[in-house]
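The structure under discussion appears below in the form of structure tokens.
In the numbering used here, the protein residues as written are 1 to 51.
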């Protein structure tokens, strides 16, 4: 059964979230789990800094 982990954060930069997600994925892979990443940008045509 698939499990999902969501990495979110308002004040953390996109680079920080990506680095955290990739590090977590690597650690899970080292434990023998199958990992796939998907990036989702929930802001459609809006700059999140001005919201």
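Note that beta-carbon positions come from the ideal geometry of N, C-alpha and C, so glycine has one too. Since we're looking at a predicted model, the values are computed, not measured.
Leaving out five residues on either side along the sequence, give the residues of the same chain with a beta carbon under 7 Å from the beta carbon of residue 20.
Reading the chain shown from its first residue, position 20 is the one you call residue 20. Cβ within range, chain order: 7.
Report task. Pull up the distance between the alpha-carbon of residue 17 and that of residue 2, whole angstroms please. Result -> Locating residue 17 in the chain shown gives position 17, counting from the first residue. Locating residue 2 in the chain shown gives position 2, counting from the first residue. A straight line joining the alpha-carbon of residue 17 with that of residue 2 spans about 22 Å.
* Comparing alpha-carbon positions, which option in 9, 24, 40 lies nearest residue 33? -> As a first step, residue 33 is located in the chain shown; it is residue number 33 there, counting from the start. Considering only alpha carbons, the answer is 24.
Compare the Cα-Cα distances from residue 83 to each of 45, 46, 44, 39 and report the closest residue.
Outside the shown range of the chain, which is 1 to 51, sits residue 83, and nothing can be said about it.
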